[in-house]
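Structure record follows, encoded as structure tokens.
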Amino acid sequence: MKRQLHLNLFIHARGHHEASWRHPGSSSLPLTDVRYYQQLAQRAERALFDSIFLADQLALGGDVTQAPRTWLEPITVLAALAVSTSRVGLIATASTTYTEPFNLARQFASIDHMSNGRAAWNIVTSWLATAADNFGGAGQVGHADRYARAEEFMSVVNELWDSWAADAIIDDRASGFYAKLDRIRPINHRGASYGVAGPLNMPRCPQGRPVLVQAGSSDTGRRFAARYAEAVFTAHMAKATAQEFYADLKRLAAAEGRNPAHVLILPGLSPMIGSTEAEAHRLQREVNDLSDPAVGRKRLSGRFGGHDFSHLPLDRPLVPEDFPDPGSVEAARSRTEVILNLVRRDKPTLRQLLGYLASARGHYVMAGTPEQVADLMEDWFADGAADGFNIMPPLLPAQLEVFSAEVIPLLQRRGLFRTDYTGTALREHYGLPWPASVFDDPNRAVGRHEFSAGV
Ligand SMILES: Cc1cc2nc3c(=O)[nH]c(=O)nc-3n(C[C@H](O)[C@H](O)[C@H](O)COP(=O)(O)O)c2cc1C
């Protein structure tokens, strides 16, 4: 079959443009109303998206007076979406730095059971410096240490998800046997950061384990993605850097002994779509005019680990020396590099840079007709920049509606996107294999769990 695009809907605030919440094209439902997320996920499912995604930060943003965020805790929202959708994949962010692996493994396995195999975890190490203040207050764990801990975390959760064989439950009323003890094994993990005996206290989940998604872009982040990720989110402001990232990550995945086709690369795309180019640009201006440079300055400061940009004039062209060295930033290093590349290339003023970042925080932004959006997607897909896209509508739901009604049919007519779901599990939508089970491997000793009396 012809290779086809994979599409994820990134649900964020009332749209990805920071001023979207003030625009009539965005929903007036409170962001604490679960119907908002249900309606968007159901719309994405009708449009045959592979998946929807909810991001997460573990501290209140400093810009709350002028910017609403996606407020509800994402795994909790996935539970609601698991029962109000039936096909679309469900991805939520959770942190390896501020969660215990046993809890996280249970939560995502539960969502996978509840959704019949549609759960995915966006693995983050949490770049936001203020998150550390909410978890012990000992200061932010450095970039390298966060990833070192994440490596051990992955080994624990993968073992936990694999601690039950698929056939462990017999549920035989006649014989009185519920489960086979020799098909459940402890993991007995003792490492630098975690001690976990296992097994998981729930049966193997429908997908074997949830689909693993990751969005690290630094060298360490890319190597981590190459080892674990089955889908990768990434932010690019130009096709050339997306191509470089794509080639590098596929090469790194192959070097890890993985099939590069099983690591899907999904760059962010935030299209403002109009029936004519002029209409799309008018809409873009309309939303830009609602944004506040003071909010942008605060966000930029957050990106650069709290660096102070308050002295910079808005209308002088920027130079790289206006920014701290990305190597010294303990937050999301790769996005700081994306921003610095733009400064080197286009020499924008601070006002122009903030305007661009307001649209989608450093992801690819365009304003155009449905044909122009479909053309760009086809070009990136065919030219080694993407296996699909993380669609980030600037206004929700208005621009999701236009994308679904106008762009998706064009992609389908070109044979680039499915015309129906062929499976239920997210692994099927993404074309990913089911993870192997240790119970099928005769070379690995299969332990036996000693059980204790339950509550
Ligand atoms: C589409 C996308 C979504 C992301 N979502 C989150 C998130 O929800 N929470 C978070 O802490 N970081 C999130 N990140 C940041 C990444 O996990 C990662 O920290 C960042 O890209 C920097 O890469 P690095 O850690 O390798 O420097 C996201 C990144 C991208 C591109």
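Mind the numbering: the sequence shown is residues 1 to 455 in my numbering, read in order.
Glycine residues also receive a C-beta, built at the ideal position from the N, C-alpha and C atoms.
Quick caveat, the model's predicted, so the values are computed rather than measured.
Query raised in the report: Is the beta carbon of Arg-96 sitting closer than 8 Å to the one on Arg-149?
Result: Here residue 96 is taken as the residue at index 96 of the sequence shown, counted from 1. Here residue 149 is taken as the residue at index 149 of the sequence shown, counted from 1. Arg is not the amino acid found at residue 96; the sequence shown has Thr there. Annotated as proximal: Thr-96 and Arg-149, with beta-carbon spacing under 8 Å.
Query - Segment contact, 8 Å Cβ cut-off, at least three pairs: the segment 227–245 with the segment 256–268 - result: With the cut-off at 8 Å, the segment 227–245 and the segment 256–268 touch.
Requested in this report: Compare the C-alpha of Asp-375 against each of Gln-412, Ala-197, Val-343, Ala-131 and name the closest.
Outcome: Indexing the sequence shown from 1 puts residue 375 at position 375. Minimum Cα-Cα distance from Asp-375 among the listed residues Gln-412, Ala-197, Val-343, Ala-131 corresponds to Gln-412.
Query raised in the report: What first and last residue would you give for the beta strand (DSSP E) that runs through Tyr-364?
Result: Within the sequence shown, residue 364 is the residue found at index 364, counting from 1. Tyr-364: member of the beta strand (DSSP E) spanning 364–368, first to last residue.
Report task. For Asn-188, count neighbouring Cβ atoms within 10 angstroms of its own Cβ and tell me buried if that reaches 16, exposed if not. Result -> As a first step, residue 188 must be located in the sequence shown, where it is residue number 188. By the neighbour-count criterion, in which a residue is buried when 16 or more other Cβ atoms sit within 10 angstroms of its Cβ, Asn-188 is exposed.
Query raised in the report: Helix or strand or just coil, what does DSSP make of Thr-349?
Result: For the purposes of this step, residue 349 is taken as the residue at position 349 of the sequence shown. Reduced to three states, the DSSP call for Thr-349 is strand.
Query raised in the report: With burial defined as no fewer than 16 other Cβ atoms inside 10 Å of the residue's Cβ, what is the status of Ala-132: buried or exposed?
Result: Locating residue 132 in the sequence shown gives position 132, where the first residue counts as 1. Buried is the call here.
**Report entry** the segment 426–436 in contact with the segment 398–415 per 3-pair CB rule at 8 Å
**Finding:** No, because fewer than three Cβ pairs between the segment 426–436 and the segment 398–415 fall closer than 8 Å, the two stretches do not touch.
Query - Supposed close pair Pro-456, Leu-318 - CB separation, criterion 8 Å - result: Here the chain has residues from 1 to 455 only, and residue 456 is not among them.
Query raised in the report: With respect to 7 Å, is the separation between the Cβ of Asn-341 and the closest non-hydrogen atom of ligand 1 below this value?
Result: What you label residue 341 is simply residue 341 of the sequence shown in a count that begins at 1. Checking the Cβ of Asn-341 against ligand 1 gives no.
Report task. Return the chain-ordered list of same chain residues with a C-beta closer than 6 Å to the C-beta of Val-156, the five sequence neighbours on each side being excluded. Result -> By one-based count along the sequence shown, residue 156 stands at place 156. Excluding positions up to five away in sequence, the list reads Pro-101, His-189, Tyr-194, Val-196.
Query raised in the report: Helix, strand or coil: which one does DSSP assign to Met-272?
Result: Here the question's residue 272 lines up with position 272 in the sequence shown. Correct three-state label for Met-272: strand.
Requested in this report: Kindly identify the DSSP beta-bridge partner or partners of Asp-172.
Outcome: Indexing the sequence shown from 1 puts residue 172 at position 172. DSSP lists Phe-177 as partners of Asp-172.
Report task. Quick one: give me the first and last residue of the alpha helix (DSSP H) that Phe-304 is part of. Result -> In the sequence shown, the residue the question calls residue 304 occupies position 304. Note, Phe-304: premise wrong, no alpha helix (DSSP H); not H, not E.
Requested in this report: State the Cα-Cα distance for the pair Ala-215 and Ser-126, rounded to the nearest angstrom.
Outcome: Numbered from its first residue, the sequence shown carries residue 215 at position 215. Numbered from its first residue, the sequence shown carries residue 126 at position 126. Each residue's alpha carbon lies about 11 Å from the other.
Query raised in the report: Can you give the Cα-Cα distance for Gly-221 and Tyr-228, rounded to whole angstroms?
Result: Reading the sequence shown from its first residue, position 221 is the one you call residue 221. Reading the sequence shown from its first residue, position 228 is the one you call residue 228. Their Cα atoms are separated by approximately 11 Å.
**Report entry** heavy atom of ligand 1 below 7 Å from Trp-161 C-beta
**Finding:** Walking along the sequence shown from the start, residue 161 turns up at place 161. Checking the Cβ of Trp-161 against ligand 1 gives no.
Query raised in the report: If we ignore side chains and look at the alpha-carbon of each, how far apart do Asp-440 and Ala-247 end up?
Result: Here residue 440 refers to the residue found at position 440 of the sequence shown. Here residue 247 refers to the residue found at position 247 of the sequence shown. Roughly 34 Å between the two C-alpha positions.
Query raised in the report: What distance in whole Å lies between the Cβ atoms of Pro-326 and Leu-342, which are believed to be in contact at a cut-off of 8 Å?
Result: Taking the sequence shown and counting its residues from 1, the one referred to as residue 342 is at position 342. Taking the sequence shown and counting its residues from 1, the one referred to as residue 326 is at position 326. Not a contact, Cβ separation roughly 13 Å.
Query - Own chain, CB closer than 6 Å to Trp-164, minus 5 neighbours either side, in chain order - result: Taking the sequence shown and counting its residues from 1, the one referred to as residue 164 is at position 164. The residues are Ile-184, Pro-203, Arg-204.
Query raised in the report: For Leu-160, which three-state DSSP category applies?
Result: As a working mapping, residue 160 is identified with position 160 in the sequence shown. In the structure shown, Leu-160 sits in a helix (DSSP, three-state: H, G or I).
Query raised in the report: Hey, would you say the C-beta of Phe-49 is under 7 Å away from at least one heavy atom of ligand 2?
Result: No copy of ligand 2 appears in this structure; the ligands present are ligand 1.
Query raised in the report: Going by beta carbon distance, what residues of the same chain come within less than 7 Å of Trp-71, once the five residues before and after it are set aside?
Result: Taking the first residue of the sequence shown as position 1, residue 71 is located at position 71. These residues qualify, in order along the chain: Leu-31, Thr-32.
**Report entry** Segment limits, beta strand (DSSP E) that includes Val-77
**Finding:** In the sequence shown, counting from the first residue as 1, residue 77 sits at position 77. Counting along the chain, Val-77 falls outside any beta strand (DSSP E), though it belongs to the alpha helix (DSSP H) covering 74–84.
Query raised in the report: Does the Cβ-Cβ distance between Arg-223 and Leu-252 come in under 8 Å?
Result: Taking the first residue of the sequence shown as position 1, residue 223 is located at position 223. Taking the first residue of the sequence shown as position 1, residue 252 is located at position 252. Yes, these two residues count as a Cβ contact at 8 Å.
Query raised in the report: Which residue comes first and which comes last in the alpha helix (DSSP H) that contains Gly-388?
Result: Here residue 388 refers to the residue found at position 388 of the sequence shown. No alpha helix (DSSP H) contains Gly-388, which is instead part of the beta strand (DSSP E) from 388–391.
Requested in this report: Could you tell me which residues DSSP pairs with Thr-93 in its beta bridges?
Outcome: Stepping through the sequence shown from its first residue, residue 93 is reached at position 93. As computed with DSSP, Thr-93 is found in a beta bridge with Asn-122.
Query raised in the report: How would you call Ala-178, buried or exposed, if buried means at least 16 neighbouring beta carbons within 10 angstroms?
Result: Mapped onto the sequence shown, residue 178 falls at position 178. For clarity, residue 178 is Tyr in the given sequence; the question names Ala instead. Of the residues assessed, Tyr-178 falls on the exposed side of the cut-off, its CB having fewer than 16 other CB atoms within 10 angstroms.
Query raised in the report: Between which two residues does the beta strand (DSSP E) carrying His-6 extend?
Result: For the purposes of this step, residue 6 is taken as residue 6 along the sequence shown, with counting starting at 1. Boundaries of the beta strand (DSSP E) around His-6: 6–11.
Report task. Starting from Pro-267, follow its DSSP beta bridges and name the residues at the other end. Result -> Taking the first residue of the sequence shown as position 1, residue 267 is located at position 267. Beta-bridge pairing links Pro-267 to Thr-234.
Report task. Could you tell me if Ser-175 is buried or exposed, where buried requires 16 or more neighbouring beta carbons within 10 angstroms of its beta carbon? Result -> Stepping through the sequence shown from its first residue, residue 175 is reached at position 175. Exposed, because fewer than 16 other Cβ atoms sit within 10 Å of the Cβ of Ser-175.
Report task. Flag Val-124 as yes when its Cβ comes closer than 7 Å to any non-hydrogen atom of ligand 1, and as no otherwise. Result -> Within the sequence shown, residue 124 is the residue found at index 124, counting from 1. Answer for Val-124: yes, Cβ within range of ligand 1.
Query raised in the report: Do you know whose CA, among Glu-371, Pro-397, Trp-21, Asn-443, lies nearest Leu-410's CA?
Result: For the purposes of this step, residue 410 is taken as residue 410 along the sequence shown, with counting starting at 1. Answer by Cα proximity: Glu-371.
Report task. Assign Arg-282 to one of three DSSP states: helix, strand, or coil. Result -> Counting from one through the sequence shown, the residue named residue 282 turns up at place 282. Helix at Arg-282.
Requested in this report: Could you say which of Ser-217, Trp-21, Val-211 lies nearest to Ala-231 if we only look at CA atoms?
Outcome: Residue numbering aside, residue 231 sits at position 231 when the sequence shown is read from its first letter. Out of Ser-217, Trp-21, Val-211, Val-211 has the C-alpha closest to the C-alpha of Ala-231.
Query raised in the report: Nearest to Tyr-36 by alpha carbon, out of Leu-416, Leu-400, Phe-417, Met-154?
Result: Sequence index remark: in the sequence shown, residue 36 carries index 36 (1-based). The option with the nearest alpha carbon to Tyr-36 is Leu-400.
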